[in-house]
Amino acid sequence: METNDNRKVLLGLSLDELKVIVRDMGMPAFTAGQILRWICQQHVTDIDQMTNLSKVNRERLKEHFIVGAMAPIDCQRSKDGTIKYLFPVRCSESSGISDSSESSGASRFVETVFIPDGDRATLCVSCQVGCKMNCLFCQTGKQGFEGHLTAADILNQIYALPERERLTNIVFMGQGEPMDNLDAVLRVTEILTAGDGYGWSLHRITVSSVGIKNKLQRFLDESECHVAISMHSPLPEQRRRLMPAEGQMSITEVVALLRQYDFSHQRRCSFEYICFGGLNDGPVYGREIIRLLKGLDCRVNLIRFHEIPGVDLPGSDEKRMEALRDYLTAHGVFTTIRASRGQDIFAACGLLSTARKGEKVKR
């Protein structure tokens, strides 16, 4: 990926790619490992900080590369400790990996949400600017699709996070559909879990999806990270109205595919289920969920819907959600109600990036 001065970004490159770079620049082979450790373990922001590289090699590297970290440009803080950050990105309209951009990314933005909870701290990262899926209940889909994030864009949300050292878990549940930008998502999870990279456990990372034909299977084959499927209704026709992606890969096809994989050990399969009052939270939905998931080792996370502008859908109440949880659990489907976090800053929506986009248009 190139910047506006045509230098390329080191953030998001693998050890093998760095080996090619240092070889082509006439540097010792071990320099690649030094660069990767400076980035992944020391989190430097400037090549001059890589002090075990010779001054000559640092200068040579600076001619063609920058680290590429970009600090968040805005944030909103919730009374419950949740923080929503707005990051600039150098997104690509095509591959999501290495295309250049017109600028250093100042014209496009994504949201990243930091969620502290006792000794656990989760980061919800984005993988696209906007989204093609156009789910009825999602603000991001109403932005339209503007581009895939590069691997550097995705990693930067972790790299430049002020609370980075507190992180225990990462979830790809922010803006965009991860499977629609699968090459970049797989590259990031590889760097995060590589021994020469961040060294994270695969089981600290969860990747969500509405279910994309062929892409979901590829992810399941190539990654051992947890997978979370956006269900929101077990009834195909209703799910299609809520989520147009149902027409490309139905929830029954998704579940049939998941049955081919082993989730009985450390790898986890879960289903995200936003509850809409009187629409998908009654007993008939509990029965259909049980029928759909019978025999699959999984869990269901019930999520309360909170109002967003322009969406005429009611949120479920506590009593109905508890009844659905208890019914599913009693019939062998482990179910939890996810605690609402950051409600006062609309942490689950694309409102901050939408507002910033609107400001740019007005200018």
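Heads up, the sequence shown is in the numbering used here, so the first residue is 3 and it goes up one at a time. Cβ coordinates follow ideal geometry from the N, Cα and C atoms, glycine included.
Should residue i be labelled buried (16 or more other beta-carbon atoms within 10 Å of its own) or exposed?
| i | result |
| --- | --- |
| Ser211 | buried |
| Glu309 | exposed |
| His267 | exposed |
| Asp155 | buried |
| Asp223 | exposed |
| Ala162 | buried |
| Lys64 | exposed |
| Asn282 | buried |
| Lys2 | As displayed, the chain neither begins before 3 nor continues past 365, which places residue 2 out of reach and without an answer. |
| Pro74 | buried |
| Gln44 | exposed |
| Arg261 | exposed |
| Ser225 | buried |
| Arg241 | buried |
| Leu15 | buried |
| Ser96 | Confidence at Ser96 is low in this model, with a pLDDT of 49, below 50, so the placement of that residue is unreliable and no value is reported for it. |
| Val380 | Outside the modelled stretch of the chain, which goes from 3 to 365, sits residue 380, for which no answer is possible. |
Take residue i and list the residues in its own chain whose beta-carbon comes closer than 7 Å to its own, dropping the five residues that flank it on each side.
| i | result |
| --- | --- |
| His333 | Ile292 |
| Tyr200 | Cys42, Ile193, Leu194 |
| Leu237 | Glu290 |
| Thr33 | Val24, Leu55, Asn59 |
| Leu244 | Cys137, Leu138, Phe139, His234, Ser235 |
| Met72 | Phe89, Pro90, Gly107, Asn158, Ala162 |
| Met181 | Ser211, Ile214, Lys217, Leu218, Phe221 |
| Gly98 | Summary for Gly98: the model assigns pLDDT 40, below 50, so the residue's position carries little reliability; its value from the coordinates is reported in the next sentence. So the list reads His150, Leu151, Thr152, Asn183, Asp185, Ala186, once near-sequence residues are dropped. |
| Thr331 | Thr337 |
| Thr47 | Val69, Ala71 |
| Trp414 | Residue 414 is absent from the structure shown; the chain starts at 3 and stops at 365. |
Could you tell me the alpha carbon to alpha carbon distance between residue i and residue j, rounded to whole angstroms?
| i | j | result |
| --- | --- | --- |
| Asp7 | Cys137 | 38 Å |
| Val173 | Ile231 | 12 Å |
| Glu290 | Met233 | 12 Å |
| Glu104 | Asp198 | Because the pLDDT at Glu104 is just 36, under 50, the model does not fix this residue reliably, and the value given afterwards should be weighed accordingly. Answer to the nearest angstrom: the Cα atoms are 32 Å apart. |
| Val69 | Ile49 | 7 Å |
| Ser235 | Arg189 | 31 Å |
| Lys144 | Ala123 | 29 Å |
| Asn59 | Met29 | 7 Å |
| Ala13 | Leu259 | Sequence inspection shows Leu at residue 13; the Ala mentioned does not correspond to that position. Taking the straight line joining both Cα atoms gives about 34 Å. |
| Glu320 | Glu274 | 17 Å |
| Cys129 | Leu218 | 15 Å |
| Asn158 | Arg166 | 11 Å |
| Thr152 | Ala186 | 6 Å |
| Asp18 | Ala196 | 12 Å |
| Lys10 | Asp328 | 53 Å |
| Gly369 | Phe278 | Since the first and last residues shown for the chain are 3 and 365, residue 369 lies out of range. |
| Ile276 | Phe116 | 20 Å |
| Thr114 | Gly176 | 7 Å |
| Asp76 | Phe111 | 10 Å |
| Cys93 | Val127 | 14 Å |
| Leu204 | Thr191 | 8 Å |
| Leu27 | Phe67 | According to the sequence provided, residue 27 is Met. The question's Leu does not apply to it. Each residue's Cα considered, the two are about 12 Å apart. |
| Val335 | Gly120 | 26 Å |
| Thr142 | Asp264 | 32 Å |
| Lys296 | Arg62 | 59 Å |
| Asp345 | Ile160 | Reading the sequence as shown, one finds Gln at residue 345 and not Asp. If I take the Cα positions, the gap works out to 22 Å. |
| Leu38 | Val313 | 45 Å |
| Leu298 | Arg269 | 13 Å |
| Pro164 | Ser252 | 39 Å |
Mind checking who residue i pairs with in its DSSP beta bridge?
| i | result |
| --- | --- |
| Gln262 | Answer is none; Gln262 lacks a bridge partner. |
| Thr124 | Ile117, Asn171 |
| Ser210 | Ala230 |
| Phe89 | Val112 |
| Cys77 | Tyr87 |
| Phe67 | Lys10 |
| Ile339 | Leu304 |
Return yes when at least one heavy atom of the ligand ATP lies under 7 Å from the C-beta of residue i, else no.
| i | result |
| --- | --- |
| Gly14 | You won't find the ligand ATP in this model; it holds no ligand whatsoever. |
Excluding five sequence neighbours on each side, which residues of the same chain lie with their C-beta closer than 6 Å to the C-beta of residue i?
| i | result |
| --- | --- |
| Gln78 | Lys86, Ile347 |
| Ser342 | Arg306 |
| Gly83 | Pro118 |
| Asn171 | Thr124, Arg206 |
| Leu326 | Asp283, Gly288 |
| Trp40 | Val46, Met52 |
Report all residues from its chain with a CB closer than 8 Å to the CB of residue i; omit the five preceding and five following residues, and keep chain order.
| i | result |
| --- | --- |
| Gly146 | Gly132 |
| Ser272 | Thr208, His228, Val229, Ala230, Ile231, Cys300, Arg301, Val302, Asn303 |
| Thr254 | Pro238, Leu294 |
| Pro246 | Met135, Asn136, Cys137 |
| Met323 | Cys277, Asp283, Leu304, Arg306, Ile339 |
| Pro316 | Phe278, Gly279, Gly280, Leu281, Phe307 |
Whole alpha helix (DSSP H) elements within the segment 268 to 334, 4-residue minimum: As far as the segment 268 to 334 is concerned, its whole alpha helix (DSSP H) runs of at least 4 residues are 285 to 295, 320 to 332.
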